[in-house]
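Undergrad:
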Amino acid sequence: MAGKAKKATGYSMSRALVRRETIAGYAFMLPNLIFFVGFVIYPMIQCVITSFFDSTMNRADIFVGLGNYIELFQDGVFLRALWNTIIIVVVSVPVTCIFSLWVSSIIYDLKGPLCSLLRCVFYLPVVTGSVAVAVVWKWMYNNYYGIFNYVGKGLGLIDKNINWLGDERFALGCIILILLTTSVGQPIVLYVSALNNVDVSLVEAAEVDGANKMQCFWKIKWPQIMPTTLYILVITTINSFQCFALIQLLTSGGPNHSTDTIMYYIYHTAFKLYRYGYGNAMGVVLAVIIAVLSAVQFKMAQSD
Numbered sequence: 001m002a003g004k005a006k007k008a009t010g011y012s013m014s015r016a017l018v019r020r021e022t023i024a025g026y027a028f029m030l031p032n033l034i035f036f037v038g039f040v041i042y043p044m045i046q047c048v049i050t051s052f053f054d055s056t057m058n059r060a061d062i063f064v065g066l067g068n069y070i071e072l073f074q075d076g077v078f079l080r081a082l083w084n085t086i087i088i089v090v091v092s093v094p095v096t097c098i099f100s101l102w103v104s105s106i107i108y109d110l111k112g113p114l115c116s117l118l119r120c121v122f123y124l125p126v127v128t129g130s131v132a133v134a135v136v137w138k139w140m141y142n143n144y145y146g147i148f149n150y151v152g153k154g155l156g157l158i159d160k161n162i163n164w165l166g167d168e169r170f171a172l173g174c175i176i177l178i179l180l181t182t183s184v185g186q187p188i189v190l191y192v193s194a195l196n197n198v199d200v201s202l203v204e205a206a207e208v209d210g211a212n213k214m215q216c217f218w219k220i221k222w223p224q225i226m227p228t229t230l231y232i233l234v235i236t237t238i239n240s241f242q243c244f245a246l247i248q249l250l251t252s253g254g255p256n257h258s259t260d261t262i263m264y265y266i267y268h269t270a271f272k273l274y275r276y277g278y279g280n281a282m283g284v285v286l287a288v289i290i291a292v293l294s295a296v297q298f299k300m301a302q303s304d
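Per full-length UniProt numbering, the very first residue in the sequence shown carries number 1; after that it's consecutive.
1) In its own chain, which residues sit with a C-beta less than 6 Å from the C-beta of S100, not counting the 5 before and 5 after it?
2) Buried or exposed: where does D260 fall if 16 or more other Cβ atoms within 10 Å of its Cβ makes it buried?
3) Between A2 and the rest of its own chain, which residues show a CB-CB distance below 8 Å, the 5 nearest in sequence each way excluded?
4) When you compare the segment 88-97 with the segment 235-254, are there three or more beta-carbon pairs, one atom per stretch, that lie closer than 8 Å?
5) Flag this pair as yes or no: are the beta carbons of Y108 and L195 separated by less than 9 Å?
6) Throw me the rounded Cβ distance for the V198 and Q224 pair, which I believe falls under 8 Å.
7) Helix, strand or coil, according to DSSP, for A2 in the structure here?
8) What is the rounded straight-line gap between the Cα of G152 and the Cα of I158?
9) Return the bridge partner residues of D54 from the DSSP annotation.
10) Express the C-alpha separation of N212 and Y265 in angstroms, rounding to a whole number.
11) What would DSSP say about H257, mapped onto helix, strand or coil?
12) For S92 and L249, which I take to be in contact (beta-carbon distance under 8 Å), what is that distance rounded to the nearest angstrom?
13) Classify N68 as buried or exposed, calling it buried when 16 or more other Cβ atoms lie within 10 Å of its own Cβ.
14) Is the segment 134-151 touching the segment 114-123, taking contact as three or more C-beta pairs under 8 Å?
15) Which value, in whole angstroms, describes the spacing of the CA atoms of G17 and A270?
Written out as structure tokens, the structure is:
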């Protein structure tokens, strides 16, 4: 009986300890939880609710139901912005992932300070401010003294100066090029780390069996870095859909809406035209698109 009582007492003490640790854990989480609920969850809920209203300044909101969503897909500017955003995603996501993996494979084979130096060089645009990056690229694209026109004419590739950011034919491509240079840094660092975590013994065993470098990569390394690839695909897709700063700083959506993106059009609608409900409807549509694409990417990665 004494043994059972002792065991019951120990069990009660263990439960009390777990309860105290749980309370302490939630107490430490509480400041971040309050911030997350107040500045993320609550605005998201308000965004969805407001999207069903004609909400603007200086008057009460007017309930319009699905009116904002119906208007969206009859809005030529929104459809143009959606198409531009899709082009940015379709081009930048695969190019970023493939280029990052290729560069990472080269850097991975280098050892010592050279490997660290190259990782810093590629990561530098990520930590550089958007304004600084935009100023440098704006100078390079300048139609009077920009380096692209100077080199192009020097090599005989162009006959006269091109207004890169002011020409509908080139403006979106110029934005995508800048986005690529600022997007590859983080994937390269992640891929190098993932390649360092690959089981070397499996690679050596495959090489002993006669596998070449390409076979070792696709059969051994690629499956082991698949979780990293999935993460890179998701964050690159989200970042591409949320392209805003470059548009705001370089083109403001022009010329003739050729560089408008959904994010920039949301900003223009909500904070310049003061149509908060209509802007929130765009935000909801953008969130749904990103969620669906992320789910598809997760499903494809799991099937592989």
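The beta-carbon is built from N, C-alpha and C at its ideal position, and this holds for glycine as well.
TA: For this structure:
1) V184, P187, I188, Y191
2) buried
3) With a pLDDT of 49 at A2, under the threshold of 50, the predicted position of this residue should be treated as unreliable, and no value is reported.
4) yes
5) yes
6) 5 Å
7) Confidence in A2 is poor, its pLDDT being 49 and thus under 50, which makes the residue's placement unreliable; the coordinate value appears in the next sentence. In this structure, A2 counts as helix in the three-state DSSP scheme.
8) 5 Å
9) I62
10) 50 Å
11) coil
12) No, S92 and L249 are not in contact; Cβ-Cβ is about 18 Å, not under 8 Å.
13) buried
14) no
15) According to the sequence as given, residue 17 is Leu; it is not Gly. When rounded, the distance between both Cα atoms is 51 Å.
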